[in-house]
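Chemist: Okay, handing you the structure first.
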Amino acid sequence: MRYIVTVFTALLTVALIWALNRSWGSIPAFGPLMSPFTGFWQNAEVTRSGDEELTLSGTQEPVTVLVDDMAVPHVFARNDHDLYFAQGYLTARDRLWQMEFQTHAAAGRLSEVVGSRALELDRFNRRMGMGYGAEQTLAEMEKNPQTRAMLDAYTAGVNAWIKQLKPASYPIEYKLLGYAPEAWTSLKCALLLKAMTSTLASGADDLLMTNVLRKYGPTVTADLFPNYPAHEDPIIPVGTKWDFTPLPIPKAPADSGQNVANLPDFALTQLFRHPRANPAIGSNNWAVGPEKSATGHPILSNDPHLTLSLPSIWYQIQLVSPTVNVYGASLPGSPNVIIGFNKDVAWGVTNVGSDVLDFYAIKFRDASRKEYWHDNQWKPVRRRIERIAVKGLPTVNDTVLYTHHGPVVYEAGQKAFKRNIPVGYAAQWIAHKPSNELICFYELNRARNFADYRKALTYYVAPAQNFIFADNNNDIAISPNGRFPLKWRQQGKFMLDGTNPADDWHGYIPAEQNPLVKNPPRHFVSSANQSSTDPTYPYYLNWIFAPYERGQRINDRLTQMQRVTVDSMRQLQNDVYNLRAADALPILLPLLPEKGLTASEQQALQQLKSWKLNNDPGEVGPTIFTEWTAQLMHAIWADDFNEGDTLPMRPPTFDRTLTLMKRDTGSRWFDNKKTPVREHLPQIMQQSFRATCDTLVRRYGSLGTGWSWATYKSTDIRHLIPGLDAFSVLDLNVGGGAGIVNATTERTGPSWRMVVALGPEPKAYGVYPGGQSGNPGSPYYVNMVETWRQGKLNELLYLTSSQVRHARITHRITMN
Amino acid sequence: MIQILFIMLLSALAQLVLPWWSIAIVAFGVCFWRSTRGGQAFLSGFLGIAVVWLLYALLIHLRTEGVFTGRMGLLLFKSESAALPLLVTVVLGGLIGGLSGLTGFLIRRATNPAVSAPRDA
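This is the structure in structure tokens:
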């Protein structure tokens, strides 16, 4: 008996330790997690203070880092190697888990960490050629000795941090998911850039538009999906002269746009549910010239809109060496500052949205798929094997077929992960091409004038950005810039024929012929993702860009503004005027029959009519307007353009719909085909308004403060791991919205706001919705969120010497 | 009583360099060495570990103003209060310590008959 008790107790103890030492599905290993010596307790941090002396092998000379009260490191190095080494080290110290997770995601390696639930996402990223593209880009970057040295130093810095980590000091996410950081490589820097390209330049309506064309034919398609919107105020002001001789524009094949009937149409019945690319990802930037500024020098503003996430997308840093002194927002995982300023210049970016992803129907010779037909000959198919490690399961091998166009994303019979990805087509994507974006930022960080800016931009490939620029010589400029494929008009609006060389990309638009405007007569430059140019630009970039409202509002305001200050720029960043409502309500309201509305619907209508068109958090007007336009768009188009996954299509834009309501109130599109009666616009208006009120009452109770815009919108800043509410900031009371200058929507918004006033000394201000630390246990994790929510900015400390004393410097780190 | 102090001291030292489960080895070893009764062994192991874990966790909690304790409470136990993370930490450490201590005593008793008869009751 005694022995039985002994054995039983011993086994129980061992079993308990074993069970607590491992994770169970999504339940983490509680033993190491709860231990105050190794677990989450170790991740709790206090406000940083006290000087640090670090002995690191890897720096060539001592590096001094001054850290300010926002935990921004100001790095003073004696050479560029040490500078990028320190950037890698300090960024990893604050953001290691995020850096690795994002690059794992880009490489299609999440299954390694979270198991088979990420397998289809991993397969998708790999089949899109993310890893392949990163390898191409890395090879190109390493050809340049300067970028190679920079990458090596940055990588060594990250690894110097990783090397001294013990399990107790791993970021909390490793402890929760039960894995360990691996060594950083230069490839991961390339993967990070691919991730940005994937976020910003992987939009593709080719399949959806082809299906529209198949169903409705070219006339209707051209009518409902025009290549230039009715309302527009392009980035390059109308009337700007193109001072170059364009290359000959390639000839469209005779059957272009008509040949869709001949394109293969593989069954699209089995699709994974996946939302469309988020249209609210966009950005604003503008710069005013000396004529418009109160300082007599340019003032530049930028706020890139991305998914609101934690750890924050950006990491502030000042980098100082004998060759550079730059401050701004960097991307964890990439050397240099991406958006920032130095003593002479400031620059910023917004996304261009040019069409740089096209799909080609591939005709294989036979079932072996070893050759495909192109330019009247059989060409060899290359095979790339993707080995996807899956946590707790055997490795999955996936073979991807590569043509000269690019990878065949899904072969006939496979399921597509996203509904806009055609099955049986090869993707040609700018992300697959060799590129060296790093050298562009390296040069921008060191730029002194307009000529330096122009030179830096020539190196940049993807994701194409509207690079805005201002300098101390009082020049301002903006250029939609990146490597743009040379195409015939509308090439890539629909899917392409992979056998016909006329459908290939025909080289690229020369970098110096990318759209550009410098010191325009209106004394300001700006962009908000709208059309790059008006239709006079000789080259084709895309048929659709972001809706025009943000850009128009910014331009209207800037046109009126005189004696611009940093604070008036800040106010413009926080502008919540709803231009879409201003355009639409005068058209919508007269078309809405008020007879027949119930008393409470009448009340809602009165609210809408008395609304001042501002998307402030407490307003009810934007809630009613936003819900109504969504219901209205659905009521008009869903019967015609939503056939589910058998024929995925996209509906026409709001801009086109508004024109239709204005000019053709009797249009057949207003009829709901799914009902036996013929509906007319007034009925649709009233039905959709009623549905709006019903929906809002169901969700928020009867008309009142429950309908407030902030409640309806419910802005969240979420941790990168889905469902980690405890590490997220939820339900922020904040205004703005899609198409509003303050573009804070449910899940997206200004990921960094910056205003720089140039002059004898740059005065700069900025904030982002998060904090410098990626550690949820740090006081610097979300410490800037409230400032951001209020629309305020922090002064950015631009230091000129490591000896400087400033009240906001809390401590000093010396690296030896 | 002396066992508890031994376990506290040795486990704290061991955990500075070894994984969390080194608490089991310490509690096992000390109780194998010194314990005379099962209940006493369990209690020594439990308290020896629980007190160290409590003190260390409490120290971190207070020093960092409990910001992360609340977040972890929300994450693991759906409650922002610091009580549950602290309680679970203490009970978990204590339980492993106690069971390991008890195992130490039982194995010693099974291998060394001299211990088998309790000296007093």
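Residue numbers (UniProt numbering), protein chains in the order written: chain A, 1 to 816; chain B, 1 to 121. Ideal Cβ positions, reconstructed from N, Cα and C, are used throughout, including at glycine. From a predicted model like this one, the values you see are computed outputs, not experimental measurements.
Per DSSP, K370 of chain A is paired with what?
Modeler: Answer by DSSP bridge pairing: none, since K370 of chain A is not bridged.
Chemist: Thinking just about the alpha-carbon of each residue, which of A:A477, A:Y548, A:H405 and A:L516 is nearest to the one in P485 of chain A?
Modeler: A:H405
Chemist: For chain B, check one thing: does any of its Cβ atoms lie closer than 8 Å to the Cβ of A19 of chain A?
Modeler: no
Chemist: Three or more beta-carbon pairs under 8 Å between the region 625-643 of chain A and the region 714-725 of chain A, yes or no?
Modeler: no
Chemist: On the DSSP bridge assignment, give the partners of W378 of chain A in chain order.
Modeler: A:W373
Chemist: Classify S186 of chain A as helix, strand or coil using the three-state DSSP reduction.
Modeler: helix
Chemist: Along the chain, where does the beta strand (DSSP E) containing residue 847 of chain A start, and where does it finish?
Modeler: Residue 847 of chain A cannot be examined here, being either before or after the span of chain A that is shown, 1 to 816.
Chemist: Whole angstroms are fine: how far does the CA of L247 of chain A sit from the CA of P538 of chain A?
Modeler: 9 Å
Chemist: Use the C-beta contact count for F8 of chain A: other C-beta atoms within 10 angstroms, 16 or more gives buried, fewer gives exposed.
Modeler: exposed
Chemist: Which residues in chain B sit within 7 Å of Q5 of chain A, going by Cβ to Cβ distance?
Modeler: For the sequence presented, residue 5 of chain A should be read as Val rather than Gln. In chain order: L106.
Chemist: Three or more C-beta pairs closer than 8 Å, one from the region 779-797 of chain A and one from the region 752-766 of chain A: is that the case here?
Modeler: yes
Chemist: Using 8 Å as the limit for Cβ to Cβ distance, is residue 166 of chain B near chain A?
Modeler: One cannot answer for residue 166 of chain B here, as it falls past the ends of chain B, which runs 1 to 121.
Chemist: When burial is assigned at 16 or more other CB atoms within 10 Å of the CB, is R109 of chain A buried or exposed?
Modeler: buried
Chemist: Starting from the beta carbon of residue 122 of chain B, find every residue of chain A whose beta carbon is closer than 8 Å, and list them in chain order.
Modeler: With chain B covering 1 to 121 only, the question about residue 122 of chain B has no answer from this structure.
Chemist: Going by C-alpha distance, which of A:R48, A:R699, A:G766 and A:D475 is nearest W314 of chain A?
Modeler: Cα-wise, what sits closest to W314 of chain A is A:G766.
Chemist: Please state whether the Cβ-Cβ distance between V67 of chain A and I813 of chain A is less than 8 Å.
Modeler: yes
Chemist: How many angstroms separate the CA atom of F6 of chain B from the CA atom of L86 of chain B?
Modeler: 23 Å
Chemist: With 16 other CB atoms within 10 Å as the buried threshold, where does P275 of chain A fall?
Modeler: Legend: pLDDT at P275 of chain A = 39, less than 50; position of this residue unreliable, value from coordinates given subsequently. Flag for P275 of chain A reads exposed.
Chemist: With a threshold of 8 Å between beta-carbons, can E45 of chain A be considered close to chain B, or not?
Modeler: yes
Chemist: Classify R33 of chain B as buried or exposed, calling it buried when 16 or more other Cβ atoms lie within 10 Å of its own Cβ.
Modeler: In the sequence as presented, Arg is not what sits at residue 33 of chain B; that position holds Trp. W33 of chain B comes out exposed.
Chemist: By DSSP, does Q146 of chain A sit in helix, in strand, or in coil?
Modeler: helix
Chemist: Could you give the DSSP three-state label for T103 of chain A: helix, strand or coil?
Modeler: If DSSP states are grouped into helix, strand and coil, T103 of chain A belongs with the helices.
Chemist: Quick one: list the residues of chain A neighbouring I60 of chain B, beta-carbon separation under 9 Å, in chain order.
Modeler: Within chain A, the residues near I60 of chain B are P36, W41, Q42 and A44.
Chemist: Would you say Q98 of chain A faces chain B, with C-beta separation under 8 Å as the test?
Modeler: no
Chemist: Between the region 30-58 of chain B and chain A, which residues of the former have a C-beta closer than 7 Å to a C-beta of the latter?
Modeler: For the region 30-58 of chain B, the beta-carbon criterion of a distance under 7 Å to any beta-carbon of chain A is satisfied by W53, Y56 and A57.
Chemist: Indicate whether the contact test is met: 3 or more Cβ pairs, each with one atom in the region 81-88 of chain A and one in the region 55-73 of chain A, closer than 8 Å.
Modeler: In short, these stretches touch, since the Cβ pair count reaches three.
Chemist: Could you tell me which chain B residues have their CB closer than 9 Å to the CB of R2 of chain A, listed as they occur along the chain?
Modeler: L106, R109, A110 and S116
Chemist: Taking only the alpha-carbon atoms, compute the straight-line gap between L608 of chain A and H680 of chain A and give it to the nearest angstrom.
Modeler: In this structure, the alpha-carbon of L608 of chain A lies about 23 Å from that of H680 of chain A.
Chemist: On the DSSP bridge assignment, give the partners of Q316 of chain A in chain order.
Modeler: When DSSP reads this structure, Q316 of chain A sits in a beta bridge with A:A329.
Chemist: With DSSP collapsed to three states, give me the class of K609 of chain A.
Modeler: helix
Chemist: Examine chain B for any beta-carbon lying closer than 8 Å to the beta-carbon of T13 of chain A, and answer yes or no.
Modeler: yes
Chemist: With 7 Å as the C-beta to C-beta threshold (strictly closer), list the residues of the region 71-83 of chain B near chain A in chain order.
Modeler: R71, M72, L74 and L75
Chemist: In this structure, does DSSP put N555 of chain A in helix, strand or coil?
Modeler: In this structure, DSSP gives N555 of chain A a helical state, which the three-state scheme calls helix.
Chemist: Using a C-beta to C-beta distance shorter than 9 Å, which residues of chain A count as neighbours of V88 of chain B?
Modeler: F30 and M34
Chemist: With DSSP as the reference, label M1 of chain A as helix, strand or coil.
Modeler: coil
Chemist: Would you list the one or two residues that DSSP bridges to Q428 of chain A?
Modeler: A:D358
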